[in-house]
Amino acid sequence: MTNKPDIKRLPGARAECIVTFPKEKVAPAEQRALQRLAGSVKLPGFRPGKAPSDLLRSHIDPQQLLDETIRTLLPDTFSTLLKEHELKPIIHPKVELQSRDPLTLKITFVERPEVKLKGAEKIKIEKKTPKVDDKDIERMVQYLLEQQKKTTEVDRSAKEGDQVEMDFAGTDESGKEIEGTAAKGYTVVIGSNSLIPGFEDALKGLKKGDKKTFTLKFPEKYQAEHLRGKPVTFAVTVTKVEDVTMPTLTDEFAKANFGEESAAVLKKKIEEQMRAQEENVESQRREQALLEKIREATQVEIAPELVDDEEQSLLEELRQQLDRQRLTLADWVKQMGKKPEELQKEMRDRATKRLQLRFGLGKLVDEKNARLTPEQMKPVMQEFLGTLPEDRRLDAAGQMQIGSDLYERVKWQREVENVIAEMLAA
Numbered sequence: 008m009t010n011k012p013d014i015k016r017l018p019g020a021r022a023e024c025i026v027t028f029p030k031e032k033v034a035p036a037e038q039r040a041l042q043r044l045a046g047s048v049k050l051p052g053f054r055p056g057k058a059p060s061d062l063l064r065s066h067i068d069p070q071q072l073l074d075e076t077i078r079t080l081l082p083d084t085f086s087t088l089l090k091e092h093e094l095k096p097i098i099h100p101k102v103e104l105q106s107r108d109p110l111t112l113k114i115t116f117v118e119r120p121e122v123k124l125k126g127a128e129k130i131k132i133e134k135k136t137p138k139v140d141d142k143d144i145e146r147m148v149q150y151l152l153e154q155q156k157k158t159t160e161v162d163r164s165a166k167e168g169d170q171v172e173m174d175f176a177g178t179d180e181s182g183k184e185i186e187g188t189a190a191k192g193y194t195v196v197i198g199s200n201s202l203i204p205g206f207e208d209a210l211k212g213l214k215k216g217d218k219k220t221f222t223l224k225f226p227e228k229y230q231a232e233h234l235r236g237k238p239v240t241f242a243v244t245v246t247k248v249e250d251v252t253m254p255t256l257t258d259e260f261a262k263a264n265f266g267e268e269s270a271a272v273l274k275k276k277i278e279e280q281m282r283a284q285e286e287n288v289e290s291q292r293r294e295q296a297l298l299e300k301i302r303e304a305t306q307v308e309i310a311p312e313l314v315d316d317e318e319q320s321l322l323e324e325l326r327q328q329l330d331r332q333r334l335t336l337a338d339w340v341k342q343m344g345k346k347p348e349e350l351q352k353e354m355r356d357r358a359t360k361r362l363q364l365r366f367g368l369g370k371l372v373d374e375k376n377a378r379l380t381p382e383q384m385k386p387v388m389q390e391f392l393g394t395l396p397e398d399r400r401l402d403a404a405g406q407m408q409i410g411s412d413l414y415e416r417v418k419w420q421r422e423v424e425n426v427i428a429e430m431l432a433a
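Mind the numbering: the sequence shown is residues 8 to 433 in our numbering, read in order.
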């Protein structure tokens, strides 16, 4: 490497170095790279790795050899640059080939950017008192009664209150099937308002074996984006009509099905559970509102290389989530009615916002002197281990040394939790 290559400071806390390697430095690195690659080359009459260099070179892709040579040179190069220029990168340096002869690389380091918080100390999130009224309790009671209903198949036309089993499929105006609008053996109680407006009414008067086609428009605020406001033609085949007998909430029902002393006690328990659920929802709402306020208060210039890495992390998280649903990313994009470029923009925006929030939280933790000491972390790590399945605890315990990825991740999470709790309590 040439002596002390120039360093160029760029926006976003980046440092760019152009490094040119003399031939006397490249040659031995290339030879080591050649020997490493030789193990994968099989040549008649030679044991793996024992063929002459010139012969090996003729059987190895030049680009592969160049890449391996660069990988050989990088560790010492990184070490020298970090020491000479006192760099403290927060992600792996980005390396670009500038020239093959002489071998010249552009190496970009990304350091922790300067972060400013504007008005974070004034952030207040209103606390709303969750309300659970008699109507809410009655809806939950009806839901519980619904789970205990009795059904009897009948040979007549379906009417309000009946349960209908059916097969259906939805198509667009051109007759093409629409993802997420088909099902077999689907059951619904007419009048329950479980389906989009008009669907349950269209089932009235139908008997087992009847077929019907009708067109409905999905609500503008429907959960599936690709269906919002769209007209869909449904072809329905009724496979069963059942009369529904709903139980009544009595003391006997409460005892037999829920182990409570009376209907009044059951209602009281329902109210307590619903109130606790509403309080949890309100806590989550306040926390999300606070995080958004912190993000908005954070002033930071984020390097594009950081956004690239975060975008890839988000995509990997999405892929893992879809894998659990047995969906590919391509299928999901199609199902959601998105274009690839729309997904990319969405992911990049999310990546930028997530980084902005992360830097803002880090600044807050520092400003509030909320960094945890190794002594303070001991009970935190023990608590964390207690949340893991027993067969994973030993392995996790071995990864908990101070400074390890696991240790720092748990430490960061608890520091942020402490700051958030303090701000919400203020």
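Quick reminder that beta carbons are idealized off the backbone N, C-alpha and C, glycines included.
Assuming VAL251 contacts VAL196 (C-beta within less than 8 Å), just tell me the rounded distance between them.
Correct: roughly 6 Å between the Cβ atoms.
Give me the residue from LEU329, ILE203, GLY177 and VAL171 with the minimum Cα distance to TYR193.
Taking each of LEU329, ILE203, GLY177 and VAL171 in turn and checking the Cα distance to TYR193, the smallest one comes out for VAL171.
My output table needs one value for THR255: the three-state DSSP class, helix, strand or coil.
In the three-state reduction of the DSSP assignment, THR255 falls in the coil class, being assigned neither a helical nor a strand state.
Can you check which of these residues, THR246, LEU273, GLU249 and GLU382, is closest to LEU256 by C-alpha distance?
Residue LEU273 is the option with its Cα nearest to LEU256.
Would the segment 19-28 count as touching the segment 96-111 if we require 3 or more Cβ pairs under 8 Å?
Verdict: yes, contact present.
Cut-off 8 Å between Cβ atoms - residues of its own chain near LEU297, not counting five sequence neighbours on either side
Excluding positions up to five away in sequence, the list reads ILE130, ILE132, ILE427, MET430 and LEU431.
Can you name the start and end residues of the alpha helix (DSSP H) that SER181 belongs to?
First-last for SER181: undefined, no H or E at that position.
Taking C-alpha atoms, which residue in LYS375, ASP398 and LYS418 lies nearest to MET407?
Distances from the alpha-carbon of MET407 to those of LYS375, ASP398 and LYS418 put LYS418 closest.
For GLN306, which residues does DSSP report across the bridge?
Residue pairing by DSSP puts GLN306 in a beta bridge opposite LYS123.
Closer than 8 Å is the cut-off here; do at least three beta carbon pairs connect the segment 86-94 with the segment 257-273?
No, they do not touch.
If distances are taken between C-alpha atoms only, which option among VAL340, GLN328 and GLU318 comes closest to ARG361?
Check the Cα spacing between ARG361 and each of VAL340, GLN328 and GLU318: the tightest is with GLU318.
According to DSSP, what are the bridge partners of ILE260?
Sequence inspection shows Phe at residue 260; the Ile mentioned does not correspond to that position. Bridge partners of PHE260: none, in fact.
What runs of the alpha helix (DSSP H), each 4 residues or longer, lie entirely inside the segment 308-360?
The segment 308-360 is shown to contain whole alpha helix (DSSP H) runs of 4 or more residues at 311-331 and 336-342, in chain order.
Assign MET253 to one of two classes, buried (16 or more other C-beta atoms within 10 Å of its C-beta) or exposed (fewer than that).
Looking at its Cβ environment, which holds fewer than 16 other Cβ atoms inside 10 Å, MET253 is exposed.
Compare the C-alpha of GLY369 against each of GLU259, VAL423, PRO35 and ASP74 and name the closest.
When each option's Cα is compared against that of GLY369, the closest is VAL423.
Can you tell me which of LEU210, PHE366 and GLU75 puts its alpha carbon nearest to the alpha carbon of ASP174?
Measuring from the Cα of ASP174, the nearest candidate turns out to be LEU210.
Buried or exposed: GLU249, going by 16 or more other Cβ atoms within 10 Å of its Cβ?
Counting Cβ neighbours within 10 Å, GLU249 comes out buried, since at least 16 surround it.
Is it right to say ARG21 is buried, meaning 16 or more other beta carbons lie within 10 angstroms of its own, or is it exposed?
A buried status is given to ARG21, since no fewer than 16 other beta-carbon atoms sit within 10 Å of its beta-carbon.
Any non-hydrogen atom of the ligand ADP within 8 Å of GLU128 CB
This structure lacks the ligand ADP; in fact it carries no ligand of any kind.
Can you tell which of LYS113, LYS215 and GLN38 has its C-alpha closest to the C-alpha of ILE14?
Proximity to ILE14 across LYS113, LYS215 and GLN38 peaks at LYS113, based on C-alpha coordinates.
In this structure, does DSSP put TYR2 in helix, strand or coil?
Within the shown structure, residues of the chain are numbered from 8 to 433, placing residue 2 beyond reach of any answer.
Can you look up ARG378 in the DSSP assignment and give me helix, strand or coil?
Coil at ARG378, not helix or strand.
Please determine if the segment 333-341 and the segment 371-388 are in contact, where contact requires at least 3 C-beta pairs separated by less than 8 Å.
They do not touch, by the three-pair rule.
Cβ distance (whole Å) where LEU44 is taken to contact ILE77 below 8 Å:
At roughly 13 Å, the Cβ-Cβ gap does not stay under 8 Å, so LEU44 and ILE77 are not in contact.
Nearest by alpha-carbon distance to LYS134: which of GLY205, ALA127, ARG292 and GLN351 is it?
Among GLY205, ALA127, ARG292 and GLN351, the Cα nearest to that of LYS134 belongs to ARG292.
Does the segment 219-227 come close enough to the segment 328-338 that 3 or more CB-CB pairs lie under 8 Å?
No, because fewer than three Cβ pairs between the segment 328-338 and the segment 219-227 fall closer than 8 Å, the two stretches do not touch.
Going by beta carbon distance, what residues of the same chain come within less than 7 Å of ASN264, once the five residues before and after it are set aside?
A distance below 7 Å between beta-carbons, with the five flanking residues on each side excluded, links ASN264 to the following residues of its chain, in chain order: GLN155.
DSSP state of ARG16, grouped into three classes?
Correct three-state label for ARG16: strand.
Determine the extent of the alpha helix (DSSP H) in which LYS219 is found, giving its start and end residues.
Here LYS219 belongs to no alpha helix (DSSP H); instead the beta strand (DSSP E) covers 218-224.
Once you ignore the five residues that flank ALA403 on each side, which residues in its own chain have a CB closer than 7 Å to its CB?
For ALA403, where only same-chain residues beyond five positions count, the Cβ hits under 7 Å are LEU392, LEU395 and LEU413.
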